[in-house]
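Peer 1: Below you will find the structure I want to go over with you.
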């Protein structure tokens, strides 16, 4: 397994969790719980953005990825 495929899997998992958090936030009537899931969604989006930046960096700077 390569770093690229590991990052892609991590991004996919994080995106799945982001979707679940958003769904939970929409489904609850409890304002405190809704706020919690919205905050978790924001945090997860930050993690996704960070992982994508790392993946982009690797693609641009790693000779192994430039051949693909």
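Numbering (our numbering), first residue to last: 105 to 172.
Yeah, the Cβ is synthetic: ideal placement off N, Cα and C, and Gly gets one too.
1. Within the 7 Å Cβ cut-off, does residue 168 reach chain C?
2. Whole angstroms is fine: what's the gap from residue 150's alpha carbon to residue 159's?
3. Mind checking whether residue 155 and residue 121 have CB atoms under 7 Å apart?
4. Can you tell me where the alpha helix (DSSP H) with residue 110 in it begins and where it stops?
5. What is the C-beta distance between residue 152 and residue 119, in whole angstroms, given that I count them as a contact (C-beta under 8 Å)?
Peer 2: In short:
1. The chain inventory of the structure shown lacks chain C, comprising one protein chain alone.
2. 14 Å
3. no
4. 107 to 131
5. 6 Å
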